[in-house]
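Protein chains in written order, with the numbering used here: chain A, 1424 to 1769; chain B, 1424 to 1769; chain C, 1424 to 1769; chain D, 1424 to 1769. Ideal Cβ placement from N, Cα and C applies to all residues, glycine included. Contents: one structure, followed by commentary.
This is the structure in structure tokens:
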């Protein structure tokens, strides 16, 4: 059994790792870290875990943790994982960081968008961006995984084959994304109260959301050059789910067949990416609770743009599910182990 | 592998059986029956099943089905299962009926509350009421299971130990229940449109809901005599979940300790019933997606009444999960097999 | 024009008073009090008020306020209004207190249920319980109005005629109430976050909710003696609305006609109470945004109990609307002035 | 008093006209038309109207109606109004058509996107596109008003000043719009059931939604030439509200000041358009129940695109409110009469 520790186990993403690992046949959680709820029974914080988790929340001593476990998941605010990691720890355990600390290779870009000084820039290069379907091989041998963001997983996977194959002009890419409210975290803020979110939709982080440079960097690799995109997230009155609607101009002469072939080339054999039949488009309800990403698209011949729709569950494929998928790859397990959920509907 | 067929696989309860059985290690579905969507790919009706279910919907020929499978689930309107079942079929397969056809032993009561003539009253006595925690032994040897209703499972389990032990006066029992909207089914009705249900709560079936006699019969067995209760269901703007708030007068001199001991006596070893710690009360969010029933209670010393709260997921323990639990018992499997879900939150 | 001041104008109830008074033809707000948002533009806190309210939030100096206005609404936590009120203030302005400070005549009962020492018990007797349809005459001449609670308005009005006429046994009264989440206030608490409330229903304050003694006192007046009831509130995933489901045993021989006549006797001419046609029951969607209370009922001849349903908008008739209705009475206006809203649906 | 008749009064838009006109000081409804609910009490269909509307639903005989009223609102499916209108009727009454029949001047474009033959193309030229803030003068003298669509009102108003002033390249315009579910109508369809819409977001009508040519025509007038845009609507789990997120490339050298001045030039004196302070962006919760359109924007200097956000209530400014605004203009009333609602929050 893989022994796992979680730093930040009482946020929504951390709790989803708990939900998944409690039924993972090859892993067990031995450390439920939580700064806010230290010494409280985990099941008193997340009462769905009554009779399932007996443990109490523990502190976040990474040195001690590194001796106790095989893999550490950090589901914590920006900067924390980077401030804790060091050579000794990395020599003992695998780290899967769900924060943004190691996602962006250019530390100046990271520091500009996140407004903090990176505490351990020396590990940025070593870290592997854990977008499983794209970087599977590099993930397998890594010590430190930068688990992708929820919006970015959805956004990048949606258009990756088209950028990679040069079928769209990446500088025309506009991503209009919509997320359920669990993405806003479990902090007690007026803006996230039920009555403030319910019966409303809003954009936020317009032109300034931190997932923008992450998308630009990864799609830039695919394009072979730097690109700039517009990314606009929206808050939707639902618990889970991200829908990304992406717009881009097709390169001259590109046909629907070419688009279809590109998607099949990259994703045709991917278990967790479902290319929908022509004419069907993703909806978040069809992926809820699962690790799937659903992708569909339409070409507008009038404007020669393609509209690409991608949908995933922000807490599963957008966070905890992909983190466990990375764990499975790191430890040589079948990638689906413990995350092969059928989407829950309704 | 147990071969299963589902009649009515494209309702919400039927689809939940599909969701569960597609990952059940000892069962497989070989017949997806649906009158409404016959010959259509199942995954085109429930698109969460894309890449998971390849089959097309089939008709509802029970004779043919009986030759093809080991167990038939009927998730159909009242009267259908009773009109199809016969000795030859029962000699070949187990039937787990999610409708009310075989739940009520007194055919006159059934016909009065349901307003239809029972097509096969001769099988009522044979049928076992599939409330697993209460009737486990009888279920094991049955051919025909009457799977309990969603409200009734929650209502009966909530107060069963207190009625059985004579700690409350059953004639004072008032059950005020609240259900998510999946309980209203997938039929296209104005009353169930999003805008009609959202931002509202209502009672329905007041003094006349058909789950009333089912509750009265089962709790009457526990009481050892006929009882009458008030049962009022309400429709709540959420997808899943039932919360039953039950009120009853304590018998003279009954103490909190006696109440606690009664619950522990009957449920202390039950995996799927979680007796909450004193002071905690159930909420539907903590059981969503799981087969658990959570139970908590408070005594009001001023009025000498007990208020009992029970919560479950109406599509799992209230329908499909309990149906599979019954299947597990019928086929000698560990009762938890394939239904040991961690509740999904948020 | 009546000059109005609001202490606590940035809570949900306070903001609803603002919404109503900004279109009231005979009143204007000259003081938007808010401890939390002092000196901030009101419209930056409640952005629906952009271009409608120009004022900034002011402090809560009641002495200064008493010189500036004709009526003060206090929409504040328990104990605040009672700690500010004095003879000089009452000699200058009318006070409509939306907190519970002056609702309960027996100060010992208040202090027991609220757990605080009452700061000004001498005004309790003078205060008039502002349930307009019951106490209209006393309200007209009052200086200090105790505006009823949201649950209590719904609960008391639902069964008042039956208690008053002796048609039900008040000691059998059980009130199971369900409220939208705006009733929980705008404080930043984890329990009220969108993802915690959405897709769930729960009871709270079971056997201990503070609206219990308020209901008991008022219905006790109707009964002519002390009574005890069970009152259980529930939190529903919707913004607005309260539905109260009340159960009581009919006195021997009471008929449906007598029940109907009792409701008509007390409410037949009440504009804001709608007695629904026989067979129809209230739903919160039909009263949202309005000052109406809808009432319907059914008798269960099997158990000889009556089930009474009442619905209102907790922020309007349950708080701000009734407060303005009280203001209208206090100042001799037509009671409907400025609050004659058509319910908003959907 | 203006006598008004409504054809299609039992859809959501028709019912919202009823809600508004029942409190309009200068108008009264004398004909509640409804094909589906003919001869039923209106208040039995929309029970929020209990005690408010006494009338029964009437048929849709437009000739008879033309003799009885001063203005007819048609809130009906495409093609109906165009099939009923004729010279005699127009000589007697004003018609405000909420369908798309007379919105598009090019009948070929109409017939292509709507897939029906236009029954009365001769009136298309006469009809005035009732976008009040843009076409106020033409509306005043019209006989036949084509009331704009919900998405189109929001989309056109959002970018009109920038197109008109040549500050953006209209061919780069991409509009990603999100709507509450009341926009889908009150028809009984599985896709609009509570459990199908709740907890999900989806795009629909991608590259083919009928509001596209309406937006293109109106913004084309502003641009002085034909333009093509991408318009993508999404369904959001909420009752009311539209948020349109528009993306366009700024023309070379355009500054934020120029953008601000353009908005102020066209909307600075408009009562129902609220230009938000710099840094604030619209959210649908702040306009719910009102006739306001809120507009805000941000420039992304990295991509030289502007992101414009517009929000309105689809049933008010997007349908019934604007229809009454048009009525007010047609009859020489203050434009705000009867529609000056404060937004309802929460």
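| Asked | Found |
| --- | --- |
| Give the interface partners of residue 1613 of chain D over in chain B, defined as CB-CB distance under 9 Å, in chain order. | 1609, 1610, 1611 |
| How many angstroms separate the CA atom of residue 1542 of chain A from the CA atom of residue 1605 of chain A? | 28 Å |
| Using 10 angstroms around the beta-carbon of residue 1745 of chain D, count the other beta-carbons present and answer buried if the total reaches 16, otherwise exposed. | buried |
| I'd like to know whether the C-beta atoms of residue 1601 of chain C and residue 1624 of chain B end up nearer to each other than 8 Å. | yes |
| Could you check the C-alpha separation between residue 1467 of chain D and residue 1457 of chain D for me, to the nearest Å? | 13 Å |
| Out of A:1595, A:1641, A:1703, state which residue places its alpha-carbon closest to the alpha-carbon of residue 1674 of chain A. | A:1595 |
| Could you check whether the Cβ of residue 1438 of chain C sits closer than 8 Å to any Cβ belonging to chain B? | no |
| In this structure, how does DSSP classify residue 1491 of chain B when only helix, strand and coil are distinguished? | helix |
| Report the residues of the stretch 1513-1546 of chain C with a CB closer than 8 Å to any CB of chain D, ordered along the chain. | none |
| Please classify residue 1730 of chain D: does DSSP put it in a helix, a strand, or coil? | strand |
| Mind checking which residues open and close the beta strand (DSSP E) that includes residue 1428 of chain B? | 1425-1430 |
| Using 10 angstroms around the beta-carbon of residue 1434 of chain C, count the other beta-carbons present and answer buried if the total reaches 16, otherwise exposed. | buried |
| Using a Cβ cut-off of 8 Å, which residues of the stretch 1614-1647 of chain D contact any Cβ in chain B, in chain order? | 1615, 1616, 1617, 1618, 1619, 1620, 1621, 1622 |
| Jot down the residue ranges of each uninterrupted alpha helix (DSSP H) in the stretch 1446-1484 of chain D, minimum 4 residues, whole runs only, in chain order. | 1465-1468 |
| Let me see if you follow: with CB-CB separation under 8 Å, is residue 1706 of chain C close to chain F or not? | Absent from the structure is chain F; the protein chains it does hold are A, B, C and D. |
| For residue 1523 of chain D, which of D:1580, D:1470, D:1568, D:1676 has the nearest alpha-carbon? | D:1568 |
| Quick one: is residue 1490 of chain A buried, meaning 16 or more other Cβ sit within 10 Å of its Cβ, or exposed? | exposed |
| Under three-state DSSP, which class holds residue 1606 of chain D? | helix |
| Leaving out five residues on either side along the sequence, give the residues of the same chain with a beta carbon under 6 Å from the beta carbon of residue 1461 of chain B. | 1480, 1482 |
| For residue 1738 of chain C, return the contacting residues in chain B, with the cut-off set at a CB-CB distance below 7 Å. | The premise fails here: residue 1738 of chain C is roughly 13 Å from chain B at the closest Cβ pair, so nothing lies under 7 Å. |
| So with CB distances below 9 Å, who are the chain B contacts of residue 1435 of chain A? | 1768, 1769 |
| Under 8 Å, Cβ to Cβ, is there at least one residue of chain B near residue 1581 of chain A? | no |
| How many Å lie between residue 1443 of chain A and residue 1762 of chain A at the Cα? | 7 Å |
| Just list the residues that DSSP pairs residue 1653 of chain A with in beta bridges. | A:1597 |
| Comparing alpha-carbon positions, which option in A:1678, A:1657, A:1732 lies nearest residue 1699 of chain A? | A:1732 |
| Helix, strand or coil: how does DSSP classify residue 1685 of chain A here? | helix |
| State whether the stretch 1446-1455 of chain B contacts the stretch 1511-1523 of chain B, with contact taken as three or more CB pairs (one from each stretch) at a distance under 8 Å. | no |
| Whose CA, out of D:1576, D:1455, D:1453, D:1459, lies closest to the CA of residue 1738 of chain D? | D:1576 |
| Is the number of C-beta pairs between the stretch 1636-1648 of chain C and the stretch 1656-1664 of chain C that are closer than 8 Å three or more? | no |
| Buried or exposed: which applies to residue 1688 of chain A, given that a residue is buried once 16 or more other Cβ atoms fall within 10 Å of its Cβ? | exposed |
| What are the residues that DSSP puts in a beta bridge with residue 1706 of chain C? | B:1625 |
| Identify the continuous beta strand (DSSP E) that holds residue 1567 of chain C and give its terminal residues. | 1567-1569 |
| Could you tell me if the beta carbon of residue 1629 of chain D falls within a distance shorter than 7 Å of some heavy atom in the ligand SAH? | In the structure shown, the ligand SAH is absent, as is every other ligand, since no ligand is present at all. |
| With a threshold of 8 Å between beta-carbons, can residue 1604 of chain D be considered close to chain B, or not? | yes |
| Give the single residue among C:1696, C:1751, C:1486, C:1469 whose Cα lies nearest to the Cα of residue 1509 of chain C. | C:1486 |
| Going along the chain, which residues of the stretch 1466-1482 of chain D sit with their C-beta nearer than 8 Å to a C-beta in chain C? | 1469, 1470, 1471, 1472, 1473, 1474, 1475 |
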